[in-house]
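In my numbering, each number is its position in the sequence shown, counted from 1, plus 1.
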Amino acid sequence: MAVIALMCLLMAPLFVENIDRAAPKPVGGQVDYSAHGPLTAPVLLGGQWRLVWMSGAPGPPAGTVQMVKAPGRWTDTGQGLPSQGAGSYRLTITGLQAGRYILHVPTIYTASRVSVNGRVLSERGAVGVTPATSRPTVRSHDVAIDTDGGPLELALDVSTFGQWDNGMAGPPLFGTAATMERWIALHWLRSLLLVTSLLLLACYGVIIFIFRRQERASFYFGLASLMNVPVMSIFAHDNMILLAAPGLSVTAMLTVEYLTVVIALAALVAYTALLFPKENGRWAFWSIQTLIAADFIAYCVGVLVDGNFGLAMVSFWSVWVRLAVLTYVLWQVGLATWRHRPGAAVYLLGMLVCFGSLIYQDLKSNNLLPSTGPSLDLMPLGMLVLLLCQIVIMAERWGGAVDSAESSNNELRQLLDVNIAIASEIELNALLRRIVTVTSQILRADRSSLFLHDRKTDELWSMVAEGVESREIRFPVSSGLAGNCFSTGAAINVTNAYADPRFNQAVDQATGYRTRAALSAPIITRDGRKLGVMQAFNRIDGEPFDEADVARIMAFAAQAAVAIENATLFAEVASERNYNDSILRSMSSGVVTLDREANVAKLNAAACQILGVEPEAAGAPETRDALISNNPWLPDEIAAVAATGRPKTLLDADVRTLRGDTISANISIVPLMADDAEQAGLLIIVEDISEGKRMQGAMRRFMTQNVVDQIMGREDELLFGAACQASVLFADIRNFTGMAEQLGPRDTVDMLNEIFTDLFEAVAAAEGLLDKFMGDALMAVYGAPISSDRDPLNAVDSAVAMSAMLVAINTRRAARGGIDLRLGVGIASGEVVAGTIGSPKRMDYTVIGDSVNLASRLEKITKTYGVGIVVCEDTARAVGGAHRLRELDTIRVRGRTQPSKIFQVVTAEAPLSQAALATYAEGRTAMAEGRWADAVAAFEATLLLAPGDRPAALMLERCRILVSEPPATDWDGVWDSPRAA
2 MAVIALMCLL MAPLFVENID RAAPKPVGGQ VDYSAHGPLT APVLLGGQWR
52 LVWMSGAPGP PAGTVQMVKA PGRWTDTGQG LPSQGAGSYR LTITGLQAGR
102 YILHVPTIYT ASRVSVNGRV LSERGAVGVT PATSRPTVRS HDVAIDTDGG
152 PLELALDVST FGQWDNGMAG PPLFGTAATM ERWIALHWLR SLLLVTSLLL
202 LACYGVIIFI FRRQERASFY FGLASLMNVP VMSIFAHDNM ILLAAPGLSV
252 TAMLTVEYLT VVIALAALVA YTALLFPKEN GRWAFWSIQT LIAADFIAYC
302 VGVLVDGNFG LAMVSFWSVW VRLAVLTYVL WQVGLATWRH RPGAAVYLLG
352 MLVCFGSLIY QDLKSNNLLP STGPSLDLMP LGMLVLLLCQ IVIMAERWGG
402 AVDSAESSNN ELRQLLDVNI AIASEIELNA LLRRIVTVTS QILRADRSSL
452 FLHDRKTDEL WSMVAEGVES REIRFPVSSG LAGNCFSTGA AINVTNAYAD
502 PRFNQAVDQA TGYRTRAALS APIITRDGRK LGVMQAFNRI DGEPFDEADV
552 ARIMAFAAQA AVAIENATLF AEVASERNYN DSILRSMSSG VVTLDREANV
602 AKLNAAACQI LGVEPEAAGA PETRDALISN NPWLPDEIAA VAATGRPKTL
652 LDADVRTLRG DTISANISIV PLMADDAEQA GLLIIVEDIS EGKRMQGAMR
702 RFMTQNVVDQ IMGREDELLF GAACQASVLF ADIRNFTGMA EQLGPRDTVD
752 MLNEIFTDLF EAVAAAEGLL DKFMGDALMA VYGAPISSDR DPLNAVDSAV
802 AMSAMLVAIN TRRAARGGID LRLGVGIASG EVVAGTIGSP KRMDYTVIGD
852 SVNLASRLEK ITKTYGVGIV VCEDTARAVG GAHRLRELDT IRVRGRTQPS
902 KIFQVVTAEA PLSQAALATY AEGRTAMAEG RWADAVAAFE ATLLLAPGDR
952 PAALMLERCR ILVSEPPATD WDGVWDSPRA A
């Protein structure tokens with residue numbers, strides 16, 4: 002029973018249908034999902050549909066619209082519709098999000114066609130309004146539907162002529178492509194698993210019968226399994242029979258389906274009778290078989306007289322025959338279970354599950370059960386449970402035979418003593434020595450050896466060898482009797498070792514021993530792995546080893562394999578336990594485990610240190626009482642997690658330790674689950690987030706780990722306010738407000754996340770500190786709190802990397818139809834004040850000073866000059882020749898008396914030729930010297946070389962103004978006029 006329960010538990014996820022049954026149902030021929038939200042799981046479209054009658058007489062006029070319940074037969078609606086004809090089920094679906102969806106229409110026993118918005122997407126058979134224009138088939142539909150979010154007009158056309166059933170057999174299933182593909186894959190997997198299991202079971206029963214003809218019960222069970230394959234193939238996700246033989250007619254397919262089911266019933270009755278003969282009444286048995294034979298004849302007559310309609314009529318009435326047969330079998334097995342027949346309880350379990358699922362499916366298929374309620378896929382699971390039960394029954398029967406054979410051999414009782422001896426030793430080396438010693442005692446051998454397989458060298462080596470303990474023997478697995486025994490996996494009994502060509506005489510020559518008789522047995526685990534070989538040499542009485550000795554060493558080798566595995570497992574468990582203890586000791590977070598009664602079971606070293614608990618008193622009740630007394634809120638939190646089984650995290654909790662102080666900590670309470678899925682206790686993780694650790698956490702969000710380690714290793718006030726030389730970078734997305742108005746909130750956030758992800762990498766790669774994100778802009782600092790000579794160059798390297806990254810971002814966005822992004826970057830270098838600012842529970846590291854303000858102003862200036870990167874004079878001087886720079890202009894900086902020059906960083910994304918840079922420089926020189934005409938000529942030359950250069954155009958406009966309106970003689974070069982600004 003435990004094996005069956007375990008297998009069912011393992012298979013259960015395959016049979017769980019993740020269907021959203023809370024979704025809206027069709028009402029009045031339409032369903033709206035706008036209030037439901039995205040379809041995160043498939044939904045059933047069972048409900049009220051519009052039925053448009055297509056055939057006309059003898060039904061209502063063609064085009065008549067009626068509201069009907071789907072699934073179901075249209076003849077059951079009470080609206081006077083004939084059983085034969087054609088109708089179109091219509092449903093309007095609204096409120097869908099744009100994307101791809103999949104519609105699954107279960108198998109329909111007639112011609113069917115699926116259309117969406119007037120376009121035919123799938124057709125099975127030929128749908129017509131008359132018998133002449135219709136061609137039936139038995140198939141399902143999987144239809145992919147693309148929508149832009151507008152309404153979907155779904156039409157399912159069905160034409161039924163010459164069939165008993167009509168209408169829609171099962172509710173269609175609808176969902177997004179991702180969710181439906183998963184559901185379809187699982188549905189196919191269940192179908193294939195069921196059909197494959199039936200075929201394997203059929204082979205299993207027939208093979209047993211072939212090798213043991215008296216096992217007629219196995220033959221009948223195999224026949225019953227084989228005869229169930231056609232009907233299970235038809236009830237699969239799609240009709241596997243017509244998929245394999247598309248040219249097969251529906252009549253032929255239905256004939257095979259119904260007749261094989263009848264044969265399966267007859268074989269099942271015979272199988273049960275042979276398995277439990279004392280519970281089988283002869284009169285009852287032949288009465289049931291006669292009833293089955295009459296059912297078989299009825300099907301044959303039905304198909305000959307009226308084809309598909311005749312088969313359907315017989316199937317409708319023969320459901321009572323099937324119910325009677327299955328009831329008889331259940332009664333017979335139940336009686337055997339009551340009488341405690343071997344295997345009857347397992348059989349009854351399998352039959353109850355299987356028959357219940359089959360009866361449920363049979364009644365459903367013949368519309369004898371309401372189609373509302375949850376959709377249960379019980380039939381495959383029931384058949385698989387039946388398969389498992391039969392395997393268990395066969396295993397029990399063979400196990401009983403083995404037990405009987407073992408009990409008849411009294412000599413093998415010595416193995417009990419061997420097992421006790423082996424079980425008393427867990428240490429592997431000592432265990433193997435004992436194995437060899439006991440082997441010699443049991444077999445009365447002069448000496449024994451145990452060779453283990455070395456997987457690395459593919460050799461057998463003597464872990465223990467009596468008589469040659471001082472040396473190790475090694476040889477390939479293909480050498481000698483031991484190698485042959487290991488390779489073949491079979492015992493070898495040699496009465497004259499030197500006369501056998503497989504014997505390796507070199508071993509005797511090396512050890513000085515004379516081998517006469519040798520008995521070898523492989524050591525094989527239960528899962529078929531070969532561990533090595535056991536050998537016994539030269540019986541003490543001089544006789545050769547006999548068959549009883551072979552049986553003994555084989556049985557003992559099997560027990561030895563288990564013992565070796567247990568010892569190895571024990572060593573692995575001990576190693577794993579030590580490893581886990583090492584992990585707990587190494588963790589910086591405190592770990593506290595509680596048992597089912599909420600008593601403290603274990604604390605790691607970190608927990609003892611954080612909570613102020615003495616290690617030797619960790620498990621004492623006084624420790625638990627003291628912690629609860631200091632933290633009265635904690636028991637309620639523990640009780641809540643224990644009651645609900647859901648983990649809980651308490652952030653920034655105040656915890657009073659046994660030292661009497663209060664610390665801030667993040668506490669996670671997690672249930673500990675045992676193997677039986679029951680709660681075994683609780684696990685409490687305590688993370689100390691006192692000031693130092695809180696500060697480290699804040700810094701790690703903005704600094705590299707290397708910088709954090711340097712800072713925390715210093716003992717000065719570096720974090721709490723210090724003046725330092727640094728470079729500040731501001732980067733801003735251009736025209737963000739206009740783009741945000743065109744995009745929705747989600748797209749705006751996605752756009753910011755996309756660009757900021759790459760920009761952060763550019764900052765981090767150049768040893769920068771990300772100070773903050775400010776809407777569509779970011780601020781980064783280089784050199785705070787630890788300065789270096791490379792800080793200005795690092796800042797410019799980051800800006801250049803951002804420019805290159807922006808090209809890649811725009812390429813990706815263009816592929817998605819997005820708008821190109823542009824970036825403005827300003828960099829200033831100088832002295833700043835850096836430190837941590839905030840409350841003890843929330844602090845950030847930042848910088849303030851004139852350089853911060855200047856960097857922000859330079860970022861805004863990029864708009865004026867139409868360039869990507871602008872740096873201050875100090876930054877340009879520090880960068881030197883590492884990047885191509887162009888002096889843009891002279892500006893007045895707030896707080897400084899002298900004007901400052903600003904420079905553009907020329908990047909590969911906005912290249913300028915050397916000639917253009919030279920003529921621009923000539924123009925700037927001419928402006929500084931008051932040669933306005935020469936400056937005009939120089940800037941005009943620059944524009945000829947770089948027509949779209951905004952700085953050159955701006956300077957040209959200013960020079961032309963200066964030609965007509967020269968400035969004062971003491972002009973410092975700063976443009977203060979609102980014109981050309």
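Heads up, the beta-carbon is just placed ideally off N, CA and C, and yes, glycines get one too.
Could you give the residue range of the alpha helix (DSSP H) that holds residue i?
i, result
"residue 272", "251-276"
"residue 747", "746-766"
"residue 554", "548-587"
"residue 806", "792-816"
"residue 110", "Counting along the chain, residue 110 falls outside any alpha helix (DSSP H), and DSSP gives it neither H nor E."
"residue 289", "283-339"
"residue 622", "622-631"
"residue 935", "933-946"
"residue 952", "951-965"
Spatial neighbours of residue i within its chain, please: C-beta separation below 8 Å, excluding the five flanking residues on both sides.
i, result
"residue 292", "322, 325, 326"
"residue 660", "613"
"residue 136", "112, 126, 127, 129"
"residue 526", "532, 562, 563, 566"
According to DSSP, is residue i part of a helix, a strand, or is it coil?
i, result
"residue 119", "coil"
"residue 467", "coil"
"residue 229", "helix"
"residue 924", "helix"
"residue 351", "helix"
"residue 779", "strand"
"residue 654", "strand"
"residue 152", "coil"
"residue 506", "helix"
Which residues share a DSSP beta bridge with residue i?
i, result
"residue 830", "728"
"residue 32", "94"
"residue 174", "45, 105"
"residue 637", "Beta-bridge pairing links residue 637 to no other residue."
"residue 208", "DSSP, once it has assigned bridges, lists no residue as partnering residue 208."
"residue 476", "461"
"residue 667", "688"
"residue 846", "837"
"residue 594", "603, 684"
Please identify the residue among the options whose C-alpha is closest to the C-alpha of residue i.
i, options, result
"residue 904", "958, 830, 973", "830"
"residue 646", "517, 638, 99", "638"
"residue 510", "446, 474, 459", "474"
"residue 877", "93, 641, 967, 906", "906"
"residue 726", "783, 760, 690", "783"
"residue 345", "286, 253, 313, 276", "276"
"residue 965", "975, 933, 978, 946", "933"
"residue 773", "313, 575, 732, 921", "732"
"residue 891", "902, 885, 65, 883", "902"
How would you write the range of the beta strand (DSSP E) that residue i sits in, first residue to last?
i, result
"residue 67", "66-71"
"residue 680", "680-689"
"residue 146", "140-148"
"residue 872", "870-873"
"residue 17", "That residue, residue 17, is in no beta strand (DSSP E); it is neither H nor E in DSSP."
"residue 497", "It is not in any beta strand (DSSP E) - residue 497 carries neither H nor E in the DSSP assignment."
How about residue i: is its Cβ closer than 8 Å to a heavy atom in the ligand ADP?
i, result
"residue 11", "Summarising the ligand content, the structure contains no ligands, and the ligand ADP is consequently not present."
Counting only the same chain and skipping the five closest in sequence on each side, list residues whose C-beta sits under 7 Å from that of residue i.
i, result
"residue 924", "936, 939, 940, 943, 956"
"residue 118", "153, 154"
Please tell me whether residue i has its Cβ less than 9 Å away from any Cβ of chain D.
i, result
"residue 735", "The structure shown contains no chain D, having only a single protein chain."
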